[in-house]
Amino acid sequence: TDLRPLDILSEAVPPGGLARGMRVLQVQGLLGLQLSASRPRALAFPASRLFIHCDRFPEEFSIIVTLRALRRPAKRNEYIFTLMVEESPSVLVGLRYAPDKLHFLFWSQERAGGWQTRVTFPNVSLSDSQWHTLILAVSGQSFSLTVDCSVPKDVVVETPFPASLSVRRASFYLGNRRRRKGVFTGLLRQLVLLPGADATPRICHAMNFKVATLSVPSVLQDVPAKAVSNEVLKYPYETDMKVTLGARPRCSRQEKAQFWFNASRRGLYLCNGSTWLSMLEVQPRLDYVEEHQKLVTNSETMGVEVFSIPRLGLFAATANRLTPPGSAIYRWTDGKFVHYQNIPTHQAQSWKYFTIGKKIFLAVANFEQNERGQEFSVIFKWSRRKEKFLAYQRISTHSARDWEAFVIQGEAFLAVVNHREGNNHNIDSVIYRWNPRTGLFETNQTIPTSGAYDWEFFTIGPYSFLAVANTFNGTSTRIYSHIYIWLRGSFQLFQSILTFGAADWEVFHIGDRVFLAVANSHSYDSGMPAPSNFYAINSSIYELNITAQMFVKFQDLLTYSALDWEFFSVGDDSFLVVANSFDGFTFSVNSIIYRWQGYEGFVAAHQLPTVGCRDWEAFHTAEGSFLLYSSAKEPLSKVLKLKTT
Numbered sequence: 001t002d003l004r005p006l007d008i009l010s011e012a013v014p015p016g017g018l019a020r021g022m023r024v025l026q027v028q029g030l031l032g033l034q035l036s037a038s039r040p041r042a043l044a045f046p047a048s049r050l051f052i053h054c055d056r057f058p059e060e061f062s063i064i065v066t067l068r069a070l071r072r073p074a075k076r077n078e079y080i081f082t083l084m085v086e087e088s089p090s091v092l093v094g095l096r097y098a099p100d101k102l103h104f105l106f107w108s109q110e111r112a113g114g115w116q117t118r119v120t121f122p123n124v125s126l127s128d129s130q131w132h133t134l135i136l137a138v139s140g141q142s143f144s145l146t147v148d149c150s151v152p153k154d155v156v157v158e159t160p161f162p163a164s165l166s167v168r169r170a171s172f173y174l175g176n177r178r179r180r181k182g183v184f185t186g187l188l189r190q191l192v193l194l195p196g197a198d199a200t201p202r203i204c205h206a207m208n209f210k211v212a213t214l215s216v217p218s219v220l221q222d223v224p225a226k227a228v229s230n231e232v233l234k235y236p237y238e239t240d241m242k243v244t245l246g247a248r249p250r251c252s253r254q255e256k257a258q259f260w261f262n263a264s265r266r267g268l269y270l271c272n273g274s275t276w277l278s279m280l281e282v283q284p285r286l287d288y289v290e291e292h293q294k295l296v297t298n299s300e301t302m303g304v305e306v307f308s309i310p311r312l313g314l315f316a317a318t319a320n321r322l323t324p325p326g327s328a329i330y331r332w333t334d335g336k337f338v339h340y341q342n343i344p345t346h347q348a349q350s351w352k353y354f355t356i357g358k359k360i361f362l363a364v365a366n367f368e369q370n371e372r373g374q375e376f377s378v379i380f381k382w383s384r385r386k387e388k389f390l391a392y393q394r395i396s397t398h399s400a401r402d403w404e405a406f407v408i409q410g411e412a413f414l415a416v417v418n419h420r421e422g423n424n425h426n427i428d429s430v431i432y433r434w435n436p437r438t439g440l441f442e443t444n445q446t447i448p449t450s451g452a453y454d455w456e457f458f459t460i461g462p463y464s465f466l467a468v469a470n471t472f473n474g475t476s477t478r479i480y481s482h483i484y485i486w487l488r489g490s491f492q493l494f495q496s497i498l499t500f501g502a503a504d505w506e507v508f509h510i511g512d513r514v515f516l517a518v519a520n521s522h523s524y525d526s527g528m529p530a531p532s533n534f535y536a537i538n539s540s541i542y543e544l545n546i547t548a549q550m551f552v553k554f555q556d557l558l559t560y561s562a563l564d565w566e567f568f569s570v571g572d573d574s575f576l577v578v579a580n581s582f583d584g585f586t587f588s589v590n591s592i593i594y595r596w597q598g599y600e601g602f603v604a605a606h607q608l609p610t611v612g613c614r615d616w617e618a619f620h621t622a623e624g625s626f627l628l629y630s631s632a633k634e635p636l637s638k639v640l641k642l643k644t645t
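With the UniProt record's numbering applied, the sequence shown corresponds to residues 1 to 645, in that order.
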């Protein structure tokens, strides 16, 4: 079998240009073809140009498609491609999608008069204006669809794909079925037929699965070929370009597709009809950090959460130690955080903001009992009428330290870290699942933890992970923290990593590389001699080794009772800031910003004076980029501004 990829999309694009009815557009950093509904026959070519030596469609094959489908009205079908014989209205082979469905069509000529078979894949959501890569693998009665390298959807039908499907006098039609109705309205970037093989292993090895490619037409490749001699390289979509200089001009329908060059920022911008989009811009670089605001809090702050509410803007929730007056929410107003709402809490440790559909929630982890001797953590729900957070659901917890919210396969979950029950640190932490019928979170799974401090949820391709930071088992902080993977409806152990009073996990990506940083707070073991300093200890950064399918140590950094890591970016540069809280003598310890230096790893770049630093949050506003740190030793948090050049 010839395993050479047959590039249907490239075959439809004439060499050195575009066919009539085609336009090249760039969206989300990728180029794609937009097809016109007025000339469907112009978007066609004879199948004999692909099937040179044989006029039979392969019996086993994969079809690879990268597309961006627009949000569109319900009950509308759009064709990605069809293969049709000139004198017949029937579709020999075709691919079309409807709301939340994908249909694969084929004609079985083995039955009398022929028979149209439709294989339907339900619950396939493509109409979200995002890029997606689909892999359809066909073999006999088995049909498998993989979307963005997630878990395949398998369908077995009664009628097998024909072993000998003639393509004589047939043509491929791009984005249509030879008529204007049902024309594909989105963007196509890749359409490839791979005979005799399942293309999934060839596609799903990259990190950016949504745009993984097997073959893309040259006109859609990101970096055009170098022009020959002094000839100016021009694509069809580069003609009639107008550039405006000077101050920021108006961007409306009249200025659509015009460019503006901002000399002060050395940036080139494109008007899309309403706003100026950055096309080329000199990226800012972090120069230094300055104090922007002293934020007086109700009491010492154990954690902080920065979040946005649609139409209202940016907010920050502080988890404060003292019960009266409890914790507070602040709103970003005129470039500063201003007190907005008090919320009763009981030695709050952290907040977690999350949404389910249009509902907005804020969960607090309470460490101590309430006035009635009950130990609850509380989920608050945003009231659009009152524009306040109101108590929604109480959940029984045990010295809760942290909440983590996440979604797996469309279902919402909320995980709580239980630190201890009385003097027993070896207890279960709990994962709750949202019940849309009752509108409440219900227990889904328990996981044994040891004095745990933090959950960290992350995804790698189609896989979901949950890491727990175990701190103390009753006798030692030198214990294993665990990473769990979601398999068959529950979290199962994936990897164990030795940590020392682990207080936080932070996952981050640099390019295609995946890292996981642990904040180690102190080293103590009742059965071993005491070290000279319990708190001066390495915290570690681990990197995912895809071949070994595990995280391996990448770098150690000396920290002082580290309680938090926060990853952020400025322009093209990546940074990590650590919350150093205690050096064994004083809580006035410098926290450090580390800059990513490639081969050198992370290198200390800035020292930030902090007092009992507990938590960092990075955020961006129209005024610039900021860091917010909370102090667990004084009722004062600080907003720092990142000054760039």
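Glycine is no exception: its CB is placed at the ideal position from the N, C-alpha and C atoms.
Measuring alpha carbon to alpha carbon, tell me which of 375, 360, 359 ends up nearest residue 366.
-> Residue 366 sits at position 366 when you count from the first residue of the sequence shown. When each option's Cα is compared against that of residue 366, the closest is 375.
State buried or exposed for residue 597, treating a residue as buried only when at least 16 other CB atoms are found within 10 Å of its CB.
-> Numbered from its first residue, the sequence shown carries residue 597 at position 597. Exposed, since its Cβ has fewer than 16 Cβ neighbours within 10 Å.
Is DSSP giving residue 599 helix, strand or coil here?
-> In the sequence shown, residue 599 corresponds to position 599, counting from 1. Residue 599 falls in the helix class under three-state DSSP.
With a CB to CB cut of under 6 Å and the five nearest residues on each side skipped, what residues in its chain are close to residue 122?
-> The residue given as residue 122 occupies position 122 in the sequence shown. Taken in chain order, the residues that qualify are 101.
Separation of residue 78 from residue 46, as counted between CA atoms | Within the sequence shown, the letter at position 46 stands for residue 46. Within the sequence shown, the letter at position 78 stands for residue 78. A direct Cα-Cα distance of roughly 22 Å separates residue 46 from residue 78.
Using three-state DSSP, classify residue 41 as helix, strand or coil.
-> Counting from 1 along the sequence shown, the entry for residue 41 is found at position 41. Three-state result, residue 41: helix.
Cα separation between residue 285 and residue 595?
-> What you label residue 285 is simply residue 285 of the sequence shown in a count that begins at 1. What you label residue 595 is simply residue 595 of the sequence shown in a count that begins at 1. Whole-angstrom Cα-Cα distance: 11 Å.
Report the rounded CA-to-CA distance for residue 382 versus residue 311, giving the unit in angstroms.
-> As a first step, residue 382 must be located in the sequence shown, where it is residue number 382. As a first step, residue 311 must be located in the sequence shown, where it is residue number 311. Distance between the alpha carbons of residue 382 and residue 311: 13 Å.
Who are the near neighbours of residue 19 in its chain, counting only those whose CB is closer than 7 Å to its CB and skipping five residues on each side?
-> Counting from one through the sequence shown, the residue named residue 19 turns up at place 19. The residues are 12, 13, 42, 43.
Ignore the nearest five residues each way along the sequence and tell me which others in residue 459's own chain have a CB closer than 6 Å to its CB.
-> Position 459 of the sequence shown, counted from the start, is the residue given in the question as residue 459. Cβ neighbours of residue 459 beyond the five flanking positions: none.
Mind reading off the beta-carbon distance from residue 104 to residue 136? Whole number of angstroms is fine, and I expect it under 8 Å.
-> The residue labelled residue 104 in the question sits at position 104 within the sequence shown. The residue labelled residue 136 in the question sits at position 136 within the sequence shown. 6 Å between Cβ atoms; contact.
Helix, strand or coil at residue 607 [DSSP, three-state] = Here residue 607 is taken as the residue at index 607 of the sequence shown, counted from 1. Correct three-state label for residue 607: strand.
Can you say whether residue 17 is buried or exposed, counting buried as having 16 or more other CB atoms within 10 angstroms of its CB?
-> Taking the sequence shown and counting its residues from 1, one reaches residue 17 at position 17. Residue 17 is exposed by the Cβ-count criterion.
Quick one: using the 10 Å Cβ neighbour count with 16 as the cut-off for buried, is residue 239 buried or exposed?
-> On the sequence shown, residue 239 is found 239 positions in, with the first residue counted as 1. Below a pLDDT of 50, predicted positions are generally treated as unreliable, and residue 239, at 40, falls in that range; no measurement from the model is reported.
Pull up the DSSP beta-bridge partners for residue 91, would you.
-> Here residue 91 refers to the residue found at position 91 of the sequence shown. 84.
What are the residues that DSSP puts in a beta bridge with residue 303?
-> The residue labelled residue 303 in the question sits at position 303 within the sequence shown. Residue 303 pairs with 319.
Please check the pair residue 432 and residue 414, which I expect to be a contact at CB under 8 Å, by giving their CB distance rounded to whole angstroms.
-> The count along the sequence shown starts at 1 and reaches residue 432 at position 432. The count along the sequence shown starts at 1 and reaches residue 414 at position 414. Residue 432 to residue 414, Cβ: 5 Å. Contact.
Quick one: measure Cβ to Cβ for residue 170 and residue 91, integer angstroms, because I've assumed they're closer than 8 Å.
-> Stepping through the sequence shown from its first residue, residue 170 is reached at position 170. Stepping through the sequence shown from its first residue, residue 91 is reached at position 91. Not quite, the Cβ-Cβ distance comes to about 10 Å (not below 8 Å), so this is no contact.
Entirely enclosed beta strand (DSSP E) segments - the stretch 463–520, minimum 3 residues = Correct list: 463–469, 478–487, 490–500, 502–510, 513–520.
To the nearest angstrom, report how far apart residue 299 and residue 412 are at their CA atoms.
-> Looking up residue 299 in the sequence shown gives position 299. Looking up residue 412 in the sequence shown gives position 412. Residue 299 and residue 412: Cα-Cα distance of roughly 33 Å.
What three-state label does DSSP hand residue 280 in the structure shown?
-> Taking the sequence shown and counting its residues from 1, one reaches residue 280 at position 280. Of the three classes helix, strand and coil, the one that applies to residue 280 here is strand, per DSSP.
How long is the line joining the alpha carbons of residue 190 and residue 405, rounded to whole angstroms?
-> Reading the sequence shown from its first residue, position 190 is the one you call residue 190. Reading the sequence shown from its first residue, position 405 is the one you call residue 405. Roughly 35 Å separates the two Cα atoms.
Is residue 642 near residue 570, with beta carbons less than 9 Å apart?
-> For the purposes of this step, residue 642 is taken as residue 642 along the sequence shown, with counting starting at 1. For the purposes of this step, residue 570 is taken as residue 570 along the sequence shown, with counting starting at 1. Their beta carbons are under 9 Å apart, which means residue 642 touches residue 570 by this criterion.
Cβ-based burial, residue 585 [other Cβ within 10 Å; buried from 16] = Counted from its first residue, the sequence shown places residue 585 at position 585. The residue in question, residue 585, is exposed, as its Cβ has fewer than 16 Cβ neighbours within 10 Å.
Skipping 5 residues on each side, what residues in its chain have a beta carbon closer than 8 Å to that of residue 484?
-> In the sequence shown, the residue the question calls residue 484 occupies position 484. Closer than 8 Å at the Cβ level, and outside the excluded window around residue 484, lie 447, 465, 466, 467, 468, 491, 492, 493, 494.
Once you ignore the five residues that flank residue 115 on each side, which residues in its own chain have a CB closer than 6 Å to its CB?
-> Along the sequence shown, read from residue 1 onward, the residue named residue 115 stands at position 115. For residue 115, where only same-chain residues beyond five positions count, the Cβ hits under 6 Å are 108.
Write down every uninterrupted run of the beta strand (DSSP E) in the stretch 142–199 whose length is 3 residues or greater and which is fully enclosed by it, in chain order.
-> 142–147, 153–156, 170–174, 187–195
Taking the alpha-carbon positions, what's the residue 82 to residue 276 distance?
-> Translated into the one-based positions of the sequence shown, residue 82 becomes position 82. Translated into the one-based positions of the sequence shown, residue 276 becomes position 276. Cα to Cα, the separation comes out at about 38 Å.
Looking at the structure shown, is residue 254 part of a helix, part of a strand, or coil, going by DSSP?
-> Position 254 of the sequence shown, counted from the start, is the residue given in the question as residue 254. Residue 254: helix per DSSP, three-state reduction.
Could you check what DSSP says for residue 96 in three-state terms: helix, strand or coil?
-> For this step, residue 96 is matched to residue 96 along the sequence shown. Residue 96: strand per DSSP, three-state reduction.
Using 10 angstroms around the beta-carbon of residue 510, count the other beta-carbons present and answer buried if the total reaches 16, otherwise exposed.
-> Looking up residue 510 in the sequence shown gives position 510. Exposed is the call here.
With which residues is residue 682 paired in a DSSP beta bridge?
-> Any answer about residue 682 is impossible in this case: the structure gives the chain only from 1 up to 645.
Report the rounded CA-to-CA distance for residue 625 versus residue 180, giving the unit in angstroms.
-> What you label residue 625 is simply residue 625 of the sequence shown in a count that begins at 1. What you label residue 180 is simply residue 180 of the sequence shown in a count that begins at 1. Cα to Cα, the separation comes out at about 49 Å.
Going by Cα to Cα distance, which pick from 548, 341, 59 is closest to residue 666?
-> In the structure as shown, the chain begins at 1 and stops at 645. Residue 666 is therefore absent and cannot be evaluated.
Contained beta strand (DSSP E) runs [length at least 3] in the stretch 328–411, N- to C-terminal order | 336–343, 348–356, 359–366, 376–383, 388–396, 400–408
Evaluate contact between the stretch 606–625 and the stretch 541–552, counting only Cβ atoms and requiring at least three cross-stretch pairs below 8 Å.
-> no
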